[in-house]
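Residue numbers (our numbering): -19 to 300.
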């Protein structure tokens, strides 16, 4: 009995020690804890962190599942981890690859001219070639969707389908968005200069941003604040210095199956753009989602995954 009681006390003591260690790490070493939490979440979703050498340097990406390949591409200032909850549902039926675009996420920063949209197009082609993907399904958001569109225009043979998951940059709308109004007054709400800016941006991206553990948010915020000047220049390079046809101009030439998922509450690009893009694409399914914003893979991942899986199934049925 004494042995049992001793072991019980020892187990409770060990558990208490782990709680204390975890609490200390939460506040004292958030960056280390963030990496551990991100890795644990990736693994739980069936994803492994990998790297590959490309013409623009080493590129970090997540991969998991088997079957036809789905390539997921994030937007400006975003990262591959933003797709994890959608990928969690996709890996059951597909091989999923979520990349950090060259110059973003865990990748090394690039010279300014490498963020021009046409340069980003070439960089994405380089990544897809290095991964030896062949023809794949591509799901992309915001600036990443613009870049993917430029690739699809130049290399349609690399696409089995193209999905706009959340509104893409490059679809001018007649109805101004909240972002259009802010930009007209000289504001740039998506460009982070301080920690406060990082958290304030969430109000622009989603009606209700999902919970993300504090250490991860601190890590991501610290990364952006540390490169604030660089990120400010990226904004200008992408939005004012790039010379490229708009997504809306390119869309009529894209004959691959396409899906447009656009949120009614998107403050970055007005939802009226969904109809414009759907009408311009020759072979598109258009869905307007409620209760989500500019990054629906974050605030409505289950809804997005369900809609994307249904679209991919319809592409397979049409091919059969």
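Even for Gly, the Cβ is constructed at its ideal location relative to N, Cα and C.
Can you find the residues in the same chain that come closer than 6 angstroms, C-beta to C-beta, to residue i, ignoring five residues on each side of it along the sequence?
{"i": "residue 184", "result": "169, 247"}
{"i": "residue 387", "result": "Given that the chain is displayed from residue -19 to residue 300, the structure contains no residue 387 and the question cannot be resolved."}
{"i": "residue 208", "result": "173"}
{"i": "residue 84", "result": "none"}
For residue i, which residues in the same chain have their Cβ closer than 7 angstroms to its Cβ, ignoring the five residues on either side in sequence?
{"i": "residue 62", "result": "54, 275, 277, 278"}
{"i": "residue 124", "result": "53, 54, 55, 81"}
{"i": "residue 78", "result": "41, 42, 52, 60, 63, 67"}
{"i": "residue 218", "result": "56, 95, 97, 123"}
Rounded to a whole number of angstroms, what is the C-alpha to C-alpha distance between residue i and residue j?
{"i": "residue 42", "j": "residue 203", "result": "20 angstroms"}
{"i": "residue 91", "j": "residue 145", "result": "28 angstroms"}
{"i": "residue 75", "j": "residue 46", "result": "4 angstroms"}
{"i": "residue 289", "j": "residue 282", "result": "10 angstroms"}
{"i": "residue 18", "j": "residue 220", "result": "34 angstroms"}
{"i": "residue 12", "j": "residue 21", "result": "15 angstroms"}
{"i": "residue 299", "j": "residue 256", "result": "26 angstroms"}
{"i": "residue 242", "j": "residue 181", "result": "19 angstroms"}
{"i": "residue 147", "j": "residue 101", "result": "18 angstroms"}
{"i": "residue 271", "j": "residue 162", "result": "22 angstroms"}
Is DSSP giving residue i helix, strand or coil here?
{"i": "residue 139", "result": "strand"}
{"i": "residue 48", "result": "coil"}
{"i": "residue 129", "result": "helix"}
{"i": "residue 62", "result": "helix"}
{"i": "residue 106", "result": "helix"}
{"i": "residue 87", "result": "coil"}
{"i": "residue 20", "result": "helix"}
{"i": "residue 123", "result": "helix"}
{"i": "residue 57", "result": "coil"}
{"i": "residue 25", "result": "coil"}
{"i": "residue 232", "result": "helix"}
{"i": "residue 36", "result": "coil"}
Leaving out five residues on either side along the sequence, give the residues of the same chain with a beta carbon under 8 angstroms from the beta carbon of residue i.
{"i": "residue 108", "result": "51, 116, 131, 138"}
{"i": "residue 30", "result": "40, 41, 42, 43"}
{"i": "residue 304", "result": "One cannot answer for residue 304 here, as it falls past the ends of the chain, which runs -19 to 300."}
{"i": "residue 136", "result": "234, 235, 236"}
{"i": "residue 113", "result": "49, 51, 77, 138"}
{"i": "residue 252", "result": "153, 154, 155"}
{"i": "residue 211", "result": "57, 171, 172, 204"}
Fill in: Continuous alpha helix (DSSP H) assignments of at least 4 residues falling wholly in the stretch 176 to 226
194 to 206, 208 to 216
Item to complete: Would you mind listing the beta strand (DSSP E) stretches within the stretch 242 to 283 that are 3+ residues and don't spill past its ends, in chain order?
Response: 264 to 269
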